[in-house]
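Notes for the one structure printed next.
Protein chains: 2
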Amino acid sequence: MKSAAKAQQAEDSAETGAQQIRDAIREAIVERRLSPGTKLSESDVGNLFSVSRTLARAALQALSYEGLVSVEKNRGAFVAYPSPEEARQIFSARRLVEPGILREAAARITPDDITHLRQLLLEEGRLMSERGQTARRAEIKASGDFHLMLAAISGNSIMQRFMEELVARSSLVIALYGQSTASSCGHSEHGDIISAIEADELDRACQLMLHHIAHIEADLDLRERKSLGLKEAFEL
Amino acid sequence: MKSAAKAQQAEDSAETGAQQIRDAIREAIVERRLSPGTKLSESDVGNLFSVSRTLARAALQALSYEGLVSVEKNRGAFVAYPSPEEARQIFSARRLVEPGILREAAARITPDDITHLRQLLLEEGRLMSERGQTARRAEIKASGDFHLMLAAISGNSIMQRFMEELVARSSLVIALYGQSTASSCGHSEHGDIISAIEADELDRACQLMLHHIAHIEADLDLRERKSLGLKEAFEL
DNA sequence: GTGCAAAACATCGTATACAATCTCACCACC
DNA sequence: GGTGGTGAGATTGTATACGATGTTTTGCAC
């Protein structure tokens with residue numbers, strides 16, 4: 010189904026092995042196999058993927074442009090540890106752009122797109138009912154994919170890329186500050202948004218989107234906690 | 010006035026010499042000293058800045074993430090040559106985000122900020138009346154800085170970075186498809202927007218912003234022209 | 001035993017070197 | 001004369017090497 014997109018990827022983005030490493034690490038971060046603050050030394054990354062430090066470094070640099078890793082001069086790269094302030098900005102940005110993306114997507118959406126969206130939802134629901142870490146991780150990814158697919162449907166590749174960054178960073182924020190052990194996204198809300206789009210109730214769809222984002226944010230505990238490092242040290 | 014920001018830059022972003030090279034090239038692109046399509050070979054860039062290809066390559070990679078340079082596998086880096094479709098997407102993105110940024114900026118703006126904005130406008134007007142290439146270039150930069158300062162005032166560094174990318178890429182688009190030899194931005198429109206903010210007429214300010222963006226877009230000729238390459242070859 | 005200093009270690013920053021790929025000119029052949 | 005292949009040159013892709021910077025550990029003095 011994605012053969013065309015994949016072919017283009019393989020042709021264009023196979024540009025260097027660094028891209029592959031970047032994608033692999035990003036996926037690991039988004040699926041929360043890598044925790045915020047984890048050190049990603051160039052040598053280790055290079056050894057892990059059997060490439061030289063040159064490529065490892067390029068991959069880490071790329072991830073730092075996306076805000077997923079922070080590189081500190083002469084100290085190394087770490088999985089980003091967004092501050093509460095950054096977290097607020099990320100969700101502020103999402104509140105700002107997602108209604109607009111939704112409007113553009115609604116203007117161009119096809120029945121096929123709706124089918125795909127509903128398929129995604131089904132998959133998401135299935136994963137939600139399953140047990141186990143891998144199911145949980147796949148669910149996190151699927152939940153983000155809903156927002157990304159809307160961006161893709163909007164037809165604006167710039168906004169799409171921007172949303173990819175925001176969704177990925179959101180995953181980091183939820184990993185850090187999320188409270189509920191439940192799902193990362195209110196699942197049913199995604200369905201409601203699709204329904205509103207189908208019914209051509211654009212304003213309501215935007216309202217639902219804003220509420221949806223607000224719900225995710227409401228599950229965060231963004232209080233500063235300086236002593237977290239100490240606590241963690243004990244709990245580990 | 011920017012000592013704090015500069016210090017942080019010097020401390021954080023002097024991370025590598027690559028940053029400096031990246032900034033220098035970006036400035037050259039935004040000020041249109043480098044035309045779209047110009048080849049930027051790693052060796053040449055390296056020699057120009059007296060560094061190795063390693064750093065030159067890193068700088069070019071960074072610029073490619075911002076969409077200002079396109080790197081083609083095994084072929085090299087070129088100043089980006091945005092297609093009409095890309096141009097449309099860039100301005101579509103600006104229409105989408107700038108009103109939102111404006112609203113957030115208006116909510117946090119201080120009298121000091123307004124003073125700075127007006128200073129910027131004055132500078133812009135002064136440059137507009139001057140003759141010469143350097144004045145024209147400075148004017149282009151100042152014109153973009155107005156939009157960037159609004160993003161800075163909004164206090165959301167993520168949106169700020171995104172706007173930096175959009176403004177820079179807009180400059181490329183205008184260089185390619187702009188028709189009027191006149192200024193890149195309707196200068197007075199910037200002033201009108203500030204006035205609307207001061208008067209707390211937020212909706213009107215947003216309308217003005219949208220009109221402003223529309224004016225810039227209206228000056229573009231985004232028709233596809235396949236034969237351009239041939240023509241250019243002759244005209245060169 | 002505590003605190004500081006210096007050296008050893010680990011890691012990053014940058015340069016250089018070699019391999020892979022592309023471009024283009026030149027020549028043989030049709 | 002045009003077409004296709006082949007080889008030299010140029011440019012990028014990747015690896016390795018060396019110097020610079022930060023961190024840890026060791027040892028000595030108090």
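Residue numbers (the working numbering), protein chains in the order written: chain P, 10 to 245; chain S, 10 to 245.
Backbone N, C-alpha and C define an ideal beta-carbon position, used for all residues, glycine too.
All values derive from a computational prediction rather than experimental measurement.
Neighbourhood of residue i by C-beta distance below 6 Å, restricted to the same chain and skipping five residues each side
i	result
ALA86 of chain P	LEU49, LEU69, VAL78 and VAL80
VAL54 of chain S	ALA65
GLU241 of chain S	Summary for GLU241 of chain S: the model assigns pLDDT 48, below 50, so the residue's position carries little reliability; its value from the coordinates is reported in the next sentence. Here the set comprises nothing.
PRO91 of chain P	LEU181 and VAL182
ILE118 of chain P	ILE162
GLN188 of chain P	ASP228 and ASP230
PHE58 of chain P	ILE30
Proximity below 8 Å, CB of residue i to CB of residue j
i	j	result
ILE225 of chain S	SER180 of chain S	no
VAL176 of chain S	LEU157 of chain S	yes
PRO93 of chain P	LEU219 of chain P	no
GLU40 of chain S	ARG146 of chain S	yes
HIS152 of chain P	GLU133 of chain P	Per the sequence shown, the amino acid found at residue 152 of chain P is Ser instead of His. The answer is yes: Cβ separation under 8 Å.
ALA96 of chain P	LEU229 of chain P	yes
PRO45 of chain S	ALA144 of chain S	no
ILE123 of chain S	GLU207 of chain S	yes
ARG62 of chain P	SER52 of chain P	yes
LEU129 of chain S	PHE171 of chain S	no
ALA114 of chain P	ILE162 of chain P	yes
ALA223 of chain P	ALA214 of chain P	no
Nonlocal neighbours in the same chain, by C-beta distance under 7 Å from residue i, ignoring five residues either side
i	result
ASP201 of chain S	LEU217
GLY76 of chain P	ALA89, GLU174 and ARG178
GLU233 of chain S	PRO93
ALA160 of chain S	ILE110, MET168, GLN169 and MET172
Within-8 Å CB hit, residue i to chain P
i	result
GLN216 of chain S	no
LEU157 of chain S	no
GLY141 of chain S	no
LEU211 of chain S	no
Residue i beta carbon near the ligand MN (any heavy atom closer than 7 Å)
i	result
ALA96 of chain S	The model depicted lacks the ligand MN and carries no ligand whatsoever.
Sequence-distant residues of the same chain with beta carbon closer than 8 Å to residue i, five excluded per side
i	result
GLU244 of chain P	With a pLDDT of 49 at GLU244 of chain P, under the threshold of 50, the predicted position of this residue should be treated as unreliable, and no value is reported.
GLU198 of chain P	LEU217, HIS220, HIS221 and HIS224
LYS15 of chain P	Any reading at LYS15 of chain P is ruled out, since the residue's pLDDT is 37, under 50, leaving its predicted position unreliable.
ALA33 of chain P	PHE58
Residue-chain proximity (residue i, chain S), Cβ-Cβ < 8 Å
i	result
GLN70 of chain P	yes
ALA67 of chain P	yes
ASP228 of chain P	no
**Request:** Output, in sequence order along the chain, the residues in the region 160-190 of chain S whose CB is closer than 7 Å to any CB in chain P.
**Result:** ASN165, SER166, ILE167, MET168 and PHE171
**Message:** Whether or not the region 159-177 of chain S and the region 26-33 of chain S are in contact is what I'm after, with contact meaning three or more pairs of Cβ atoms, one per stretch, closer than 8 Å; do they touch?
**Reply:** no
**Message:** Would you call the region 96-115 of chain P in contact with the region 102-122 of chain S, where contact means no fewer than 3 C-beta pairs closer than 8 Å?
**Reply:** yes
**Prompt:** Mind listing which residues of the region 90-102 of chain P have their C-beta closer than 7 Å to chain S's C-betas, in chain order?
**Reply:** GLN98, ILE99, SER101 and ALA102
**Request:** Residues of the region 39-57 of chain S with a CB closer than 9 Å to any CB of chain P: list them in chain order, please.
**Result:** none
**Message:** Beta carbons nearer than 8 Å to chain P: which residues of the region 101-120 of chain S have them?
**Reply:** SER101, ALA102, LEU105, VAL106, GLY109, ILE110 and GLU113
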